[in-house]
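Colleague: Dumping the structure here so I can ask a few things about it.
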Amino acid sequence: MAYLHNVQIAMHCYHGSHTTGVTNTFKEHCFGYIFDGSVRILLPSGELCASAGDLLYISQESQYYSIWSGEPDICFLSVQFGFANRSTHAGLGLQIVRGMPKEPFLRLYETHRNHPMAALSAMYEILGELYENRLTTPHRAASRTLPAQRYIESHTHEVIAVETLAGLCGMSASHFHAVFRREIGLTPVRYRHTLLVQEAMKLLLRTNLSVEEISDRLGFSSSCYFRRVFSGITGKTPLEIRE
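Now the structure itself:
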């Protein structure tokens, strides 16, 4: 096991709901073990869901938003850490590991303040299980729609004709639409909307802009349409996220 550094351990507990996110590159590795509640993870390529007993693994370079729901409480252990060699276990993305026993995570939290060596032992036990038996290394074929993905990402505030995107990939519009959905799991419009909603969440959480101002800034035709798109992706209204 590689040498660890910058380990930060914290227990997070909330009542009802909680929203968080990372809009810039996630600089270190992290995992979170869920004791109570459930979470939806919004990614540019879609979403993942996890609940009590699941572990979220987030490698460096990941970007995401999470929407938590409690029944009625939310409680999860968050552990951030780095490797001396930054390339170690890079590129694993964001994964959900089901059915991890809670005892090692409780031991890690209970010992990390007063018994650092015991905590380090628990940490290596958890990471050994994850890296050796639980996590998978993505093996992605080259994307045929990558030019279109990059174009959407750099023109999110514009309405883009599918013919324009298809032309970038050297395909007919109908064939492009089918290939894009097969590769990404979303239609081109839904992909663009997901990126816009992530930007909207950043503005809701970090500024005092009104919903109407955010809608205008992101290029939506109306605030009503913005609200409909936002709720369709997140399951919550913009004001519920802000609260």
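Here the sequence shown is numbered in my numbering, starting from 2 and rising by one per residue. We put the beta carbon where it would ideally sit given N, CA and C, even for glycine. Nothing here was measured: the structure is a model prediction, and the numbers come from that model.
1. Just to confirm, is the Cβ distance from I153 to L166 under 9 Å?
2. According to DSSP, is N7 helix, strand or coil?
3. Look at the Cβ atom of C31, then the Cβ atom of S79, and state whether they are nearer than 9 Å.
4. Report the residue from M118, I234, S211, F77 whose alpha carbon sits nearest the alpha carbon of F106.
5. For E29, which residues from the same chain have a beta carbon less than 7 Å from its beta carbon, with the 5 sequence-adjacent residues on both sides left out?
6. Looking at C-alpha atoms only, which residue of D217, Y58, V163, G17 is the closest neighbour of S39?
7. Taking S70 as the reference, give the member of F36, L187, A120 with the closest Cα.
8. Does the contact criterion of 3 or more C-beta pairs under 8 Å hold for the segment 225–232 versus the segment 193–212?
9. Please report the straight-line C-alpha distance between N1 and V98, rounded to a whole angstrom.
10. In the structure shown, what three-state DSSP assignment does G168 receive?
11. Opposite R41 in the DSSP bridges: which residues?
12. By Cβ distance, which residues of its chain are closer than 7 Å to I75, with the 5 residues on each side in sequence left out?
13. Spell out a yes or no on whether the segment 207–217 and the segment 155–166 are touching, meaning 3 or more CB-CB pairs, one atom from each, closer than 8 Å.
14. In the DSSP assignment, what are the bridge partners of L128?
15. Is the distance from the Cβ of H158 to the Cβ of G220 below 9 Å?
16. My output table needs one value for P102: the three-state DSSP class, helix, strand or coil.
17. Kindly give me the distance between the Cβ atoms of L187 and G47, rounded to whole angstroms, as I take these residues to be in contact under 8 Å.
18. Could you check how far apart the C-beta atoms of H113 and I215 are, in whole angstroms? I think they sit under 8 Å.
19. Alpha carbon to alpha carbon, how far is L49 from Y132? Give it in angstroms, no decimals.
20. In the DSSP assignment, find the unbroken alpha helix (DSSP H) run with I215 in it and report its ends.
21. Excluding sequence positions up to five away, which residues of its chain have a Cβ less than 7 Å from the Cβ of N25?
22. Can L43 and Y65 be called in contact, C-beta distance under 9 Å?
23. When you compare each of T137, C225, R108, V180 to L93 by their alpha carbons, which one comes out closest?
24. Once you ignore the five residues that flank A174 on each side, which residues in its own chain have a CB closer than 7 Å to its CB?
25. Thinking R145 and C170 are a contact (beta carbons under 8 Å), I'd like their distance in whole angstroms, please.
Modeller: Reading off the structure:
1. Residue mapping note: residue 153 aligns to position 152 of the sequence shown, counting from 1. Residue mapping note: residue 166 aligns to position 165 of the sequence shown, counting from 1. Yes, these two residues count as a Cβ contact at 9 Å.
2. Your numbering for residue 7 matches position 6 in the sequence shown. N7: strand per DSSP, three-state reduction.
3. Counting from 1 along the sequence shown, the entry for residue 31 is found at position 30. Counting from 1 along the sequence shown, the entry for residue 79 is found at position 78. Between C31 and S79, the C-beta spacing is below 9 Å.
4. Reading the sequence shown from its first residue, position 105 is the one you call residue 106. Residue F77 is the option with its Cα nearest to F106.
5. Residue 29 sits at position 28 when you count from the first residue of the sequence shown. Excluding residues within five positions, the ones whose Cβ falls inside 7 Å are N7, Q61, Q81, F82, G83.
6. To locate residue 39, count along the sequence shown from 1; it is residue 38. Taking each of D217, Y58, V163, G17 in turn and checking the Cα distance to S39, the smallest one comes out for G17.
7. Here residue 70 refers to the residue found at position 69 of the sequence shown. The shortest C-alpha separation from S70 is found at F36.
8. Touching, yes.
9. Because the chain in this structure spans residues 2 to 244, residue 1 falls outside the shown range and cannot be described.
10. On the sequence shown, residue 168 is found 167 positions in, with the first residue counted as 1. Residue state, collapsed to three classes: helix.
11. One-based indexing of the sequence shown puts residue 41 at position 40. Bridge partners of R41: C50, I68.
12. Taking the first residue of the sequence shown as 1, we reach residue 75 at position 74. When the five nearest sequence neighbours on each side are left out, the beta carbons in the same chain lying within less than 7 Å of the beta carbon of I75 are those of C14, Y15, H19, D37, G38, W69, in order along the chain.
13. The segment 207–217 is not in contact with the segment 155–166.
14. Here the question's residue 128 lines up with position 127 in the sequence shown. In the DSSP secondary-structure assignment, L128 is not bridged to any residue.
15. Here the question's residue 158 lines up with position 157 in the sequence shown. Here the question's residue 220 lines up with position 219 in the sequence shown. In this structure, the beta-carbon distance from H158 to G220 falls below 9 Å.
16. Numbered from its first residue, the sequence shown carries residue 102 at position 101. Residue state, collapsed to three classes: coil.
17. Position 186 of the sequence shown, counted from the first residue, corresponds to residue 187. Position 46 of the sequence shown, counted from the first residue, corresponds to residue 47. About 6 Å separates the Cβ atoms of L187 and G47, confirming a contact at the 8 Å cut-off.
18. Within the sequence shown, numbered from 1, the residue matching residue 113 stands at position 112. Within the sequence shown, numbered from 1, the residue matching residue 215 stands at position 214. Contact flag wrong, Cβ pair sits at about 39 Å.
19. Position 131 of the sequence shown, counted from the first residue, corresponds to residue 132. Position 48 of the sequence shown, counted from the first residue, corresponds to residue 49. Cα to Cα, the separation comes out at about 20 Å.
20. Your numbering for residue 215 matches position 214 in the sequence shown. For I215, the enclosing alpha helix (DSSP H) has its first and last residue at 212–219.
21. Here residue 25 refers to the residue found at position 24 when the sequence shown is read from its first residue. With a pLDDT of only 45 at N25, under the threshold of 50, the placement of this residue in the model should not be trusted, and no figure is reported.
22. Position 42 of the sequence shown holds residue 43. Position 64 of the sequence shown holds residue 65. Yes; because the gap between Cβ atoms is below 9 Å, this pair is in contact.
23. Here residue 93 is taken as the residue at index 92 of the sequence shown, counted from 1. Nearest option by C-alpha distance: T137.
24. Mapped onto the sequence shown, residue 174 falls at position 173. Excluding residues up to 5 positions away in sequence, V163, E164, A167 lie with their Cβ nearer than 7 Å to the Cβ of A174 in the same chain.
25. For the purposes of this step, residue 145 is taken as residue 144 along the sequence shown, with counting starting at 1. For the purposes of this step, residue 170 is taken as residue 169 along the sequence shown, with counting starting at 1. So it is a contact: roughly 6 Å between Cβ atoms.
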